[in-house]
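Structure record follows, encoded as C-alpha cells.
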Amino acid sequence: MKTQIFLTVNGEQHELWVRNDRTLLDALHDDIGLPDVRYGCGEGVCGTCTVLADNEPINACLTFAVQAQDVAIQTLSGLTNASEELHPLQKCFLEHGAAQCGFCTPGMVLTSKVLAQRNPSATRQEIRYELVGNLCRCTGYTKIVDAVEEYFGQVREQASTGGGDR
Amino acid sequence: MSAAAPNSSAFEYQTADCWEEAIKLRALWGEGAKLIAGGQSLVPMINLRLAMPAALIDLNPIVSSGPWLDQGELVIPAMTRHRAVLDSPLVATHFPMLAKAVGLVGNVRVRNRGTIGGSVSHADPTGEIPCVVLAAGGRIVVQGPSGMRSVPADDFFLTYLTTATDLDEVVTEIRLPVAGDQDGWGFDEVTRRFSDFATVEVAVSARSRASEEIPELRVVLGGVADRPLLLGEDILEPFRRLGADPQAIDEVAQNAANSISPESDVHASADYRRRLTQVLTRRSLAQAVGLG
Numbered sequence: 000m001k002t003q004i005f006l007t008v009n010g011e012q013h014e015l016w017v018r019n020d021r022t023l024l025d026a027l028h029d030d031i032g033l034p035d036v037r038y039g040c041g042e043g044v045c046g047t048c049t050v051l052a053d054n055e056p057i058n059a060c061l062t063f064a065v066q067a068q069d070v071a072i073q074t075l076s077g078l079t080n081a082s083e084e085l086h087p088l089q090k091c092f093l094e095h096g097a098a099q100c101g102f103c104t105p106g107m108v109l110t111s112k113v114l115a116q117r118n119p120s121a122t123r124q125e126i127r128y129e130l131v132g133n134l135c136r137c138t139g140y141t142k143i144v145d146a147v148e149e150y151f152g153q154v155r156e157q158a159s160t161g162g163g164d165r
Numbered sequence: 000m001s002a003a004a005p006n007s008s009a010f011e012y013q014t015a016d017c018w019e020e021a022i023k024l025r026a027l028w029g030e031g032a033k034l035i036a037g038g039q040s041l042v043p044m045i046n047l048r049l050a051m052p053a054a055l056i057d058l059n060p061i062v063s064s065g066p067w068l069d070q071g072e073l074v075i076p077a078m079t080r081h082r083a084v085l086d087s088p089l090v091a092t093h094f095p096m097l098a099k100a101v102g103l104v105g106n107v108r109v110r111n112r113g114t115i116g117g118s119v120s121h122a123d124p125t126g127e128i129p130c131v132v133l134a135a136g137g138r139i140v141v142q143g144p145s146g147m148r149s150v151p152a153d154d155f156f157l158t159y160l161t162t163a164t165d166l167d168e169v170v171t172e173i174r175l176p177v178a179g180d181q182d183g184w185g186f187d188e189v190t191r192r193f194s195d196f197a198t199v200e201v202a203v204s205a206r207s208r209a210s211e212e213i214p215e216l217r218v219v220l221g222g223v224a225d226r227p228l229l230l231g232e233d234i235l236e237p238f239r240r241l242g243a244d245p246q247a248i249d250e251v252a253q254n255a256a257n258s259i260s261p262e263s264d265v266h267a268s269a270d271y272r273r274r275l276t277q278v279l280t281r282r283s284l285a286q287a288v289g290l291g
C-alpha cells in the first residue's frame with residue numbers, strides 16, 4: 000500500500016506515492032530524480048545523503064519520506080537557483096582541489112554552508128567538528144577544510160562590507 | 000494463478016500529536032509497534048532489517064519546549080533534540096557534564112534529529128546519554144494508560160536495549176538534579192573514530208555534602224557490560240579510607256577495572272576494555288574531585 004505525500008524540495012512541491020518504508024533518500028534520488036542526494040551507508044555515518052531540512056543538515060537515509068512533509072528540503076542542486084553559476088562555496092572547492100570523485104561533496108558543501116550562516120568565524124577545529132561523519136575517501140580532508148575556511152573568509156568579508164548573505 | 004498477494008507496506012505509519020495519543024496508538028498496535036523519535040538508532044536497524052516493526056508511531060509532531068528548571072531539577076522533555084540540549088544555556092550552566100557528552104553523540108545530522116528520550120529509551124550500553132543520566136542520579140518520567148510514574152535511573156537500564164519502561168508506556172521526560180557550585184564532574188571516552196560508538200566511557204558526578212568532607216560519588220562505566228554500570232560502594236571504598244586523594248583515585252580505578260567482565264569483540268579485546276576502564280576512571284575521577 001502506498002501513501003500520498005507532498006514534499007517541498009528546492010522550493011518546488013512534488014506529489015509522490017510512496018511505501019511507508021521508503022526513505023527520504025529513496026524518494027529524492029529515485030522518485031524525484033535528484034542525483035546529488037546519494038546513498039552511502041544507509042546508517043547515518045557517512046554523510047553522503049545529507050540534505051537540509053528547514054536549513055539544518057539531516058541524514059536522508061534515516062528519515063522516512065512520509066515524515067518529511069512538513070519541512071522545506073534543500074539539496075545541493077537547490078543551492079544555485081537554476082542559474083549556471085556555481086555557489087561561491089563550490090568555487091572554493093574547485094579552487095582548492097577539494098572535490099575529487101565528488102561523491103561526498105554535496106554533504107560537505109551543505110553542512111559547511113549552514114555552519115557559515117550560523118558562525119562564519121568558526122575556527123578550523125570547529126569546521127572539522129561540524130564535518131565529522133562526512134566521509135571522504137579521496138582528499139584526506141585537508142583540502143576540504145582549506146576550501147571551507149576560504150569560503151568562511153569570504154562570508155566574513157562580505158558581512159563587514161555589508162554584502163549579501165550567500 | 001493464485002489470488003493477488005496483498006501489496007502491504009512494510010509497516011503502518013501513524014503520527015501522535017501528544018503523549019496521550021501515542022499511548023493509545025501503542026495500546027492499539029501492541030507488541031508489533033515501535034515508537035520513533037529521532038530515529039537515528041531505530042532507522043538503521045530497520046534499514047538493516049534488524050527491526051521489522053508492524054507499525055511505526057511517529058512522536059515527532061509532539062513539540063518540545065526545551066529544557067527548564069523545576070524545583071532543583073533540570074527537566075528535559077523526551078522529544079528534545081540533542082542539538083537543543085547542546086545549545087541550551089541552562090544545560091551548559093547546570094549540567095556541563097551533559098553538555099560535554101551530548102557534543103560527542105553521533106555527528107551534526109544525528110544531533111539535529113536524535114532526541115534525549117530516544118537515547119534513553121534505546122538504552123545502548125555504549126551511549127553517552129544513558130551513562131550521564133545514570134551518573135547524574137536522574138530520573139526518567141514515563142507515562143502509560145494508568146498515568147505517570149518516575150523511575151530512578153538506577154532502576155531504569157536493565158540490559159541491552161531494554162529498560163524498565165513497560166510495553167504500554169512512553170518516556171516523556173528526563174529529570175536531572177541540578178549540580179551545585181561545589182559539585183564536580185568528569186566525563187571521558189575512547190572511540191575508534193570521532194563520533195563513533197564509545198569503546199569505553201566513564202561519567203563521574205561528585206556532589207559535595209555539607210556533613211562530610213568526601214563528596215558523594217557516582218561513577219558510571221559505559222561499554223563494558225550490557226548496560227551502563229554504576230560502581231558500588233565497595234569499589235569506591237578507598238575514598239572513604241583515604242579521602243579525595245590521588246592514591247584513592249588510583250585504587251578506585253584499579254578496583255573498577257577488576258570488577259568488570261567486558262566482552263571481547265572485533266573492536267576491542269576484554270583486556271583492552273579493562274585497561275581503558277582503569278585509565279578513563281582515573282581521569283574522570285581526578286577531574287571530578289578537582290585533582291585533574
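Here the protein sequences come in this chain order: L and P.
Residues 0 to 165 (numbering that gives the first Met the number 0) make up the first sequence, in order.
Residues 0 to 291 (numbering that gives the first Met the number 0) make up the second sequence, in order.
The beta-carbon is built from N, C-alpha and C at its ideal position, and this holds for glycine as well.
Remember, it's a predicted structure, so these values are computed and weren't measured experimentally.
Check	Outcome
Under the three-state DSSP convention, the category Ser120 of chain L falls into	coil
Residues within the region 100-117 of chain L neighbouring chain P, beta-carbon criterion of under 8 Å	Thr110
Own chain, CB closer than 8 Å to Ser159 of chain L, minus 5 neighbours either side, in chain order	none
Residue from L:His86, L:Leu15 and L:Glu11 whose Cα sits closest to the Cα of Lys196 of chain L	Any answer about residue 196 of chain L is impossible in this case: the structure gives chain L only from 0 up to 165.
Helix, strand or coil at His28 of chain L [DSSP, three-state]	helix
Alpha-carbon to alpha-carbon, Ser87 of chain P and Tyr150 of chain L	28 Å
Proximity test, Cβ basis, 7 Å: Ala4 of chain P and chain L	The predicted position of Ala4 of chain P is uncertain, since its pLDDT is 39 and thus under 50; no value can be drawn from it.
Beta carbon proximity, Asp20 of chain L to chain P, threshold 7 Å	yes
Inter-stretch contact at 8 Å, needing at least 3 Cβ pairs: the region 140-154 of chain L / the region 92-99 of chain L	yes
Distance between Asp30 of chain L and Asn54 of chain L (C-alpha atoms, nearest Å)	22 Å
Residues of the region 270-286 of chain P with Cβ closer than 9 Å to any Cβ of chain L, in chain order	none
Pick from P:Thr14, P:Met51 and P:Asn46 that is closest to Glu30 of chain P, judged by C-alpha positions	P:Met51
CB contact check: Val42 of chain P to chain L, cutoff 7 Å	yes
Segment contact, 8 Å Cβ cut-off, at least three pairs: the region 123-133 of chain P with the region 90-109 of chain P	yes
Run of the beta strand (DSSP E) containing Val140 of chain P, from where it starts to where it stops	Arg138 to Gly143
Interface partners of Ser194 of chain P on chain L, CB under 7 Å	Val131 and Gly132
Short Cβ contact (7 Å threshold) for Asn133 of chain L with Gly101 of chain L	no
Cut-off 6 Å between Cβ atoms - residues of its own chain near Gln157 of chain L, not counting five sequence neighbours on either side	none
Pick from L:Asn19, L:Asp69 and L:Leu24 that is closest to Ala53 of chain P, judged by C-alpha positions	L:Asn19
Phe156 of chain P - containing beta strand (DSSP E), residue span	Phe156 to Thr158
Cβ shell of Pro184 of chain L (< 8 Å), same chain only, five flanking positions each side left out	Within the shown structure, residues of chain L are numbered from 0 to 165, placing residue 184 of chain L beyond reach of any answer.
Candidates P:Leu47, P:Met44, P:Ile45 and P:Gly37, of which the one nearest Ala83 of chain P by Cα	P:Gly37
Same chain, Cβ closer than 6 Å to Pro261 of chain P, neighbours up to 5 away in sequence not counted	Val223, Ala269 and Arg272
Cutoff 6 Å; reference Leu85 of chain L; Cβ partners in own chain excluding five residues on either side	none
Residue-level contact to chain P via CB, Asn54 of chain L, 7 Å cutoff	no
Contact list for the region 8-35 of chain P against chain L, Cβ threshold 9 Å	Ser8, Ala9, Phe10, Glu11, Tyr12, Thr14 and Ile35
Cα-Cα separation, Pro5 of chain P to Asp167 of chain P	For Pro5 of chain P, the predicted structure reports a pLDDT of 37, less than 50, and the residue's modelled location is therefore unreliable. The matter cannot be settled from this model.
Val131 of chain L versus Gln142 of chain P - alpha carbon distance	36 Å
Rounded Cβ spacing between Leu160 of chain P and Ala122 of chain P (contact assumed at less than 8 Å)	5 Å
7 Å Cβ cutoff, Glu125 of chain L in contact with chain P	no
Outcome for Trp184 of chain P when other beta-carbon atoms lying within 10 angstroms are tallied against a minimum of 16	buried
Residues bridged to His13 of chain L [DSSP beta-bridge criterion]	L:Leu6
Beta bridge counterpart(s) of Ala50 of chain P as assigned by DSSP	Its beta-bridge partners do not exist; DSSP assigns none.
Extent of the continuous alpha helix (DSSP H) to which Ile72 of chain L belongs	First-last for Ile72 of chain L: Ala71 to Gln73, but that is the beta strand (DSSP E), not the alpha helix (DSSP H).
Segments of 4+ residues assigned as alpha helix (DSSP H) that fall wholly inside the region 150-227 of chain P	152-155
Proximity below 7 Å, CB of Val219 of chain P to CB of Pro227 of chain P	yes
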